[in-house]
Amino acid sequence: MSKKREVYFITGGCGFIGSNFIHYLFELHGQNVFVINYDKLTYAGNPENLKSVEERENYRFYKGDICDQELVERIFNQYQPDYVINFAAESHVDRSIGNPEDFIRTDTLGVFYLLEASRKHQIKRFIQISTDEVYGSIQEGKFTEESGLFPSSPYSAGKAGGDRLAYSYYVTYNLPVIVTRASNNYGPYQYPEKLISLFVTNALDDKSLPIYGDGKNVRDWLFVKDHCSAVEFILRNGNDGEIYNVGGNCEKENLEITREILKATGKEESLIKWVKDRAGHDRRYALDDNKLVSLGWNREYTFEQGMAETVKWYTENRKWWEPLKSGEYLEYYKSHYGEEL
Ligand code: NAD
Ligand code: TDX
98 MSKKREVYFI TGGCGFIGSN FIHYLFELHG QNVFVINYDK LTYAGNPENL KSVEERENYR
158 FYKGDICDQE LVERIFNQYQ PDYVINFAAE SHVDRSIGNP EDFIRTDTLG VFYLLEASRK
218 HQIKRFIQIS TDEVYGSIQE GKFTEESGLF PSSPYSAGKA GGDRLAYSYY VTYNLPVIVT
278 RASNNYGPYQ YPEKLISLFV TNALDDKSLP IYGDGKNVRD WLFVKDHCSA VEFILRNGND
338 GEIYNVGGNC EKENLEITRE ILKATGKEES LIKWVKDRAG HDRRYALDDN KLVSLGWNRE
398 YTFEQGMAET VKWYTENRKW WEPLKSGEYL EYYKSHYGEE L
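Residue numbers (the numbering used here): 98 to 438.
This is the structure in structure tokens:
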């Protein structure tokens, strides 16, 4: 008798990390899993990211909003998912400053609807993809899972809402919830609005690289494929009700990253442009992820390897990102950076 395949209900699968995760799952499990990708296709969701898997017999895509309780319920009833992994979010801090409402709706309320659907079905695990930003900024040392939450942007506050709501469903309803908090991801398929994806694509086009403030803000960089392996590892080996930090062990100031991008793309420092600081700009993020590492997970990529793969990918995949830098993107760019791209 053939073994029943495990069913993954993945939200936000057309975005950056979600699409990398779906590719990772098929590479790892092949035909042995069934993957449902549920995505609203906001500006950040791109079906092109999954072109190579869309004909698979063990893959289904549904266009939908995680706040659409009825549609979520219908799909749960039809497929009875084993695992729910919630990547769906409004994810860009700068956009949350100009337009916070969508962030609270998707990043907090959306999680509620998914938790409600999950509680009515016998799911084996609910993974809430949270972020290091829920801790806020840290001057020295690193955040552990025990650190307090002091989110400082509407984005991170919205994510903190979803993060703690998920935990409350573990405590109150025994829902098998795990929360992950990862540091800044970079890699293929990242919408060209975040630091590395924006700066690499701008550099390739000889456009300026707009650094906020003094360029000394620090982020901890995690290659997206390492994040994917961590999520799958946690799904299999983590414990219910727990939080797991997923770090890159790679702290860098923004100016340092910018110089590395210029070097990797063979461009001059004259492309650097100093611009007004981000409102409420967190100074430094740093994660202690010993809890996850002592469970047996390890990063595979050094920053040099991850960056080399990233720059190569954007260099070879202009067809993917060039069309994205048009229409609404250009309007956003102009209003945000105060100049044409
Ligand atoms: P992204 O913006 O690239 O993708 C988000 C995806 O969610 C898109 O495909 C979008 O269409 C979809 N989506 C948005 N609102 C939705 C809704 N209401 N219903 C259904 N789908 C919706 O984001 P990303 O960078 O891939 O981030 C994925 C997750 O990881 C997010 O939860 C984010 O908070 C978290 N995270 C990101 C990073 C990072 O560095 N990018 C780091 C830590 C955690
Ligand atoms: O044009 C820019 N210039 C600049 O100096 C941009 C887009 C960013 N920056 C700075 C701001 C930050 O200090 O670079 C740093 C990184 O910025 P982002 O790429 O926007 O990431 P960040 O704000 O750190 O948030 C990211 O990491 C945590 C993701 O976007 C979140 O989704 C994730 O939760």
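Glycine is no exception: its CB is placed at the ideal position from the N, C-alpha and C atoms. What you are looking at is a predicted structure, and each value in this text was computed from that prediction instead of being measured.
Less than 8 Å separating the Cβ of GLN166 from some heavy atom of the ligand NAD? For this step, residue 166 is matched to residue 69 along the sequence shown. Because no heavy atom of the ligand NAD lies under 8 Å away, the Cβ of GLN166 does not count as near it: no.
Taking only the alpha-carbon atoms, compute the straight-line gap between HIS378 and ALA279 and give it to the nearest angstrom. Within the sequence shown, the letter at position 281 stands for residue 378. Within the sequence shown, the letter at position 182 stands for residue 279. The alpha-carbon atoms of HIS378 and ALA279 are separated by roughly 18 Å.
Beta carbon of GLY115: closer than 8 Å to some heavy atom of the ligand NAD? For the purposes of this step, residue 115 is identified with residue 18 of the sequence shown, where counting begins at 1. Yes - the ligand NAD has a heavy atom lying nearer than 8 Å to the Cβ of GLY115.
Are the Cβ atoms of TYR283 and VAL321 separated by less than 9 Å? The residue given as residue 283 occupies position 186 in the sequence shown. The residue given as residue 321 occupies position 224 in the sequence shown. Yes, these two residues count as a Cβ contact at 9 Å.
Using DSSP bridges, identify the partner residues of GLN225. Here residue 225 is taken as the residue at index 128 of the sequence shown, counted from 1. Looking at the DSSP assignment, GLN225 forms a beta bridge with ASN183 and VAL276.
At least 3 beta-carbon pairs within less than 8 Å: the stretch 252-268 vs the stretch 208-226: yes
Between which two residues does the beta strand (DSSP E) harbouring ASN342 extend? The residue labelled residue 342 in the question sits at position 245 within the sequence shown. From DSSP, the beta strand (DSSP E) with ASN342 extends over 340-343.
Length of the line joining the Cα atoms of GLU290 and TYR121: Reading the sequence shown from its first residue, position 193 is the one you call residue 290. Reading the sequence shown from its first residue, position 24 is the one you call residue 121. Those two C-alpha atoms are separated by around 23 Å.
Should LYS388 be counted as a contact of the ligand NAD given a C-beta to heavy atom distance under 8 Å? Numbered from its first residue, the sequence shown carries residue 388 at position 291. Not under cutoff, so the answer is no.
Please check the pair GLY424 and ASP374, which I expect to be a contact at CB under 8 Å, by giving their CB distance rounded to whole angstroms. Taking the sequence shown and counting its residues from 1, the one referred to as residue 424 is at position 327. Taking the sequence shown and counting its residues from 1, the one referred to as residue 374 is at position 277. Wrong, their Cβ atoms sit about 27 Å apart, outside the cutoff.
In its own chain, which residues sit with a C-beta less than 6 Å from the C-beta of MET98, not counting the 5 before and 5 after it? The residue given as residue 98 occupies position 1 in the sequence shown. The predicted model places MET98 with a pLDDT of 44, which falls under 50 and marks its position as unreliable; any figure quoted below should be read in that light. Around MET98: no qualifying Cβ.
Are three or more beta carbon pairs between the stretch 353-366 and the stretch 156-163 nearer than 8 Å? no
Using 8 Å as the cut-off, classify the Cβ of PRO307 as near or not near the heavy atoms of the ligand TDX, replying yes or no. In the sequence shown, residue 307 corresponds to position 210, counting from 1. Yes, since a heavy atom of the ligand TDX falls inside the 8 Å radius drawn around the Cβ of PRO307.
Contact belief for ILE119 with ASN134 at Cβ below 8 Å, rounded distance in angstroms: Residue numbering aside, residue 119 sits at position 22 when the sequence shown is read from its first letter. Residue numbering aside, residue 134 sits at position 37 when the sequence shown is read from its first letter. That pair is a contact at about 6 Å.
DSSP three-state label for ARG202, please. As a first step, residue 202 is located in the sequence shown; it is residue number 105 there, counting from the start. Helix.
Runs of beta strand (DSSP E) wholly within the stretch 316-394 (minimum 3 residues, chain order): 340-343, 348-350 and 369-372
Report the CB separation of ASP317 from LEU384 in whole angstroms; it is logged as a contact under 8 Å. If you number the sequence shown from 1, residue 317 lands on position 220. If you number the sequence shown from 1, residue 384 lands on position 287. At roughly 6 Å, the Cβ-Cβ gap stays under 8 Å, so ASP317 and LEU384 are in contact.
For SER188, which option in GLU436, TYR210, GLU230 and TYR429 has the closest C-alpha, if you only look at C-alpha atoms? For the purposes of this step, residue 188 is taken as the residue at position 91 of the sequence shown. For the residues GLU436, TYR210, GLU230 and TYR429, the minimum Cα distance to SER188 belongs to GLU230.
On a CA-only basis, which of SER249, TYR434, GLU213 and VAL130 is nearest PRO197? Give me that one, please. Taking the sequence shown and counting its residues from 1, one reaches residue 197 at position 100. When only C-alpha atoms are compared, the closest one is SER249.
Run the CB neighbour count on LYS101, radius 10 Å, all protein chains shown included, and call it buried at 16 or more, exposed below. Counting from 1 along the sequence shown, the entry for residue 101 is found at position 4. Exposed, because fewer than 16 other Cβ atoms sit within 10 Å of the Cβ of LYS101.
In this structure, does DSSP put GLU152 in helix, strand or coil? If you number the sequence shown from 1, residue 152 lands on position 55. In the structure shown, GLU152 sits in coil (DSSP, three-state: anything other than H, G, I, E or B).
With DSSP as the reference, label GLU145 as helix, strand or coil. One-based indexing of the sequence shown puts residue 145 at position 48. Looking at GLU145 - three-state DSSP - the assignment turns out to be helix.
Euclidean distance between Cα positions of LEU138 and SER149: Taking the sequence shown and counting its residues from 1, the one referred to as residue 138 is at position 41. Taking the sequence shown and counting its residues from 1, the one referred to as residue 149 is at position 52. About 18 Å.
The beta strand (DSSP E) that contains PHE131, what's its start and end? Along the sequence shown, read from residue 1 onward, the residue named residue 131 stands at position 34. From DSSP, the beta strand (DSSP E) with PHE131 extends over 130-136.
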